[in-house]
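A.B. asks: Take the sequence shown: its position 22, counting from 1, is numbered 24 in our numbering, and each next residue is one higher.
Yeah, the Cβ is synthetic: ideal placement off N, Cα and C, and Gly gets one too.
Input: one structure, supplied below.
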Amino acid sequence: MAYGIPEQYKIKSAELSELKDAVSIEWTGCAGFRLKHKGTTLLIDPFVTRPRMAGMVAMPLKCNEQLCAEVFPEADYILVGHSHYDHLLDVPEIASKTRALVLGSPSTASVCLGAGMPDEKVKVVETFIPIMCGPFKVTFVPGVHGKAVLGRIPFPGQISGRPKQPMRASHYRAGGVYGLLIEIGALKLYHIGSADLIDDETAKVGKVNALFTCLAGRQDTPNYIARLNSRLQPDYIIPHHYDDFFQPFKFGNNLMSGVDIDSFFSEVKAVSPGARIVMPEYFQAMTFDPKTGKLVEG
3 MAYGIPEQYK IKSAELSELK DAVSIEWTGC AGFRLKHKGT TLLIDPFVTR
53 PRMAGMVAMP LKCNEQLCAE VFPEADYILV GHSHYDHLLD VPEIASKTRA
103 LVLGSPSTAS VCLGAGMPDE KVKVVETFIP IMCGPFKVTF VPGVHGKAVL
153 GRIPFPGQIS GRPKQPMRAS HYRAGGVYGL LIEIGALKLY HIGSADLIDD
203 ETAKVGKVNA LFTCLAGRQD TPNYIARLNS RLQPDYIIPH HYDDFFQPFK
253 FGNNLMSGVD IDSFFSEVKA VSPGARIVMP EYFQAMTFDP KTGKLVEG
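This is the structure:
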């Protein structure tokens, strides 16, 4: 049965036409988000293929090209926080069809180039060097992957060369891991695609309006929510990567095994009582005002 978002965390979508120059943000499942502003579309970790666990252990992973085209008909920029398959598998296909520029680690670049993307459409980033992606100011912040599987980082290491695809899940090594700082006017967003952080590096980001935080594996990171809150002081906390990404979208938003989302709610209440938890449905638009940094609801 699909997970029912608690009423107090639901949002009422606002029409973009109600606010000039609004920023639209959609959760696209797993760690993925789609941001739109002034005619520019920016994707974070887009992943919709969602292969079943039973079939992915021994077989190479093949992108669902039709579903990618349906869900992501347009994109100008794609940010990749790290190179595991649930963040990167669909990226070369989406970028090739939309002609988007992909930004990420050397490992991300290797996979994209191995898939046949042209060099000029793949950019290896440097941390704390802002990049203008249309109206979005993007900064990659050094991070670390959470110990999400049996107390260990899954598939650590780098990806080199130009690997032929399809690849097995284990070949999608984590590569460089980043937090993503995105600024639009006065609106300051921070996305974490894996449940851990480098405290001193994250502290350099400063206060943010909205924190998009991964929940998968957070129990293995001591004081995860408290550490994020003390360094980022978010007004809004948008959880993600809590859904079962081994299930197709047609089965709805099912909780990942062991995510314990109720304890997350309790943690936020205890350490960040001033922050508001916001939980959109799949592909439900959240509207933010870039002048005030506030969520706008209908």
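(1) Quick check on the DSSP output: what are the complete alpha helix (DSSP H) runs of length 4 or more inside the region 135-214, in order along the chain?
(2) Please name the residue or residues paired with residue 101 in a DSSP beta bridge.
(3) Using only CA atoms, which one of 189, 264, 230 lies nearest to residue 202?
(4) For the 8 Å Cβ check, are there 3 or more pairs between the region 280-297 and the region 12-31?
(5) Could you say which of 4, 7, 34, 128 lies nearest to residue 214 if we only look at CA atoms?
(6) May I ask you to report which of helix, strand or coil DSSP gives residue 87?
(7) Considering only residues of the same chain and omitting the five flanking positions on each side of residue 93, which have a CB-CB separation below 7 Å?
(8) Measure the CB-CB distance between residue 145 and residue 200 and report whether it falls below 8 Å.
(9) Give the straight-line distance between the Cα atoms of residue 244 and residue 276, rounded to the nearest whole angstrom.
(10) Cβ of residue 78 within 8 Å of Cβ of residue 102?
(11) Please report the Cβ distance between residue 254 and residue 15, rounded to the nearest whole angstrom; I am assuming they are in contact, meaning their Cβ atoms lie under 8 Å.
(12) Of all the options 25, 110, 5, 52, which has the alpha carbon lying nearest to the alpha carbon of residue 247?
(13) Does the region 57-66 touch the region 154-162, meaning 3 or more C-beta pairs lie closer than 8 Å?
(14) Smallest Cα separation from residue 90: which of 100, 270, 117, 71?
(15) State the DSSP-derived secondary structure class of residue 230, mapped to helix, strand or coil.
(16) In the DSSP output, what is residue 5 paired with across the bridge?
(17) Could you spell out the range, first to last residue, of the alpha helix (DSSP H) harbouring residue 33?
(18) State the DSSP-derived secondary structure class of residue 96, mapped to helix, strand or coil.
(19) May I ask which residues mark the beginning and end of the alpha helix (DSSP H) holding residue 271?
(20) Let's see if you can read the secondary structure: which residues bound the beta strand (DSSP E) around residue 126?
(21) Flag this pair as touching only if the region 217-230 and the region 255-274 have three or more C-beta atom pairs under 8 Å; answer yes or no.
(22) Cutting at 6 Å between CB atoms, please list the residues of its own chain near residue 178, excluding the five before and the five after it.
(23) Can you give me the C-alpha to C-alpha distance between residue 274 and residue 100, rounded to a whole angstrom?
C.D. replies: Short version:
(1) 201-205
(2) Paired residues: none, contrary to the question.
(3) 230
(4) yes
(5) 34
(6) helix
(7) 48, 80, 82, 104, 114
(8) yes
(9) 22 Å
(10) yes
(11) Between residue 15 and residue 254 the Cβ distance is about 18 Å, and since that is not below 8 Å, they are no contact.
(12) 52
(13) no
(14) 117
(15) helix
(16) DSSP output for residue 5 lists no bridge partner at all.
(17) Careful: residue 33 lies outside any alpha helix (DSSP H) and carries neither H nor E.
(18) helix
(19) 263-273
(20) 124-126
(21) yes
(22) 107
(23) 39 Å
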